[in-house]
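K.L.:
Mind having a look at this structure? Questions to follow.
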Amino acid sequence: MVLDILEYPDPRLRKTAATVPVVTADIRKLVRDMVETMYAAPGVGLSATQVDVHKRIIVIDVSVARDELKVFINPEIVAAEGEAQCEEGCLSVPGYYDTVRRAARITVRAQDERGEPFELSADGTLAVCIQHEMDHLVGKVFVDYLSPLKRARLMAKMRKKQRIAG
Ligand code: NI
């Protein structure tokens, strides 16, 4: 099932996600819906926060062929180094892209959709994407990193769009 994606500046994007204590059948169903929603959008990543479910779950596929799905439940970054600047976009901020500074290489610990713990080291687009999606879980959107002027302009644009959409 394709889920509705919240759009900035929706206040629900500011909620902090809770840890998933057990990976139940309901969680697996949510993961499947998130994956379907991400591919349908299409996007390279999606957090549960963006579909208004405040649990620590993100799904990512940065591959061109769309066949390298990664599911992270309760992700934690255990190591980060270097610096990368990458142009980012977000399914919750449609049509807007800007450069954000992130760690270049990270190691993340999480559970997969079966509840199995794993550790993954990533760099490049995948590392950036994991950091972007994990930000959503603590109520952060990538545009928070922009200058106040850029953010004010973006807010005005998004509000206008919402008015037109009714
Ligand atoms: Ni995003």
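Going by our numbering, the residue at position 123 of the sequence shown is 137; the numbering climbs one at a time, nothing skipped.
Every residue gets a Cβ at the ideal spot worked out from N, C-alpha and C, and that includes glycine.
Predicted, not measured: the structure shown is a model, and the values here were computed from it.
State whether the region 126-146 contacts the region 163-177, with contact taken as three or more CB pairs (one from each stretch) at a distance under 8 Å.
P.N.:
no
K.L.:
Measuring CA to CA, which of 161, 158, 149 is closest to residue 60?
P.N.:
149
K.L.:
What span of residues does the beta strand (DSSP E) with residue 145 cover, start to end?
P.N.:
No beta strand (DSSP E) holds residue 145; the alpha helix (DSSP H) holding it covers 138-151.
K.L.:
If you draw a straight line from the C-alpha of residue 17 to the C-alpha of residue 47, how long is it?
P.N.:
7 Å
K.L.:
Applying the criterion that 16 or more other CB atoms from any shown protein chain within 10 Å of the CB defines a buried residue, is residue 38 buried or exposed?
P.N.:
exposed
K.L.:
Within 10 angstroms of its Cβ, does residue 30 collect 16 or more other Cβ (buried), or is it exposed?
P.N.:
Only exposed fits residue 30, as fewer than 16 other CB atoms lie within 10 angstroms of its CB.
K.L.:
Going by Cα to Cα distance, which pick from 174, 97, 105, 86 is closest to residue 133?
P.N.:
86
K.L.:
Could you pull the DSSP bridge partners for residue 156 from this structure?
P.N.:
According to DSSP, residue 156 bridges with nothing at all.
K.L.:
Where are the beta strand (DSSP E) runs, 3 residues long or more, that stay fully inside the region 71-122, in chain order?
P.N.:
As far as the region 71-122 is concerned, its whole beta strand (DSSP E) runs of at least 3 residues are 71-74, 84-95, 98-102, 112-116.
K.L.:
Suppose you measure from the CA of residue 135 to the CA of residue 157; what does that come to, to the nearest Å?
P.N.:
Cα to Cα, the separation comes out at about 25 Å.
K.L.:
So residue 71 packs on residue 62, CB below 8 Å; how close in whole Å?
P.N.:
4 Å
K.L.:
Does the beta-carbon of residue 84 have 16 or more other beta-carbons within 10 angstroms, so that it is buried, or is it exposed?
P.N.:
buried
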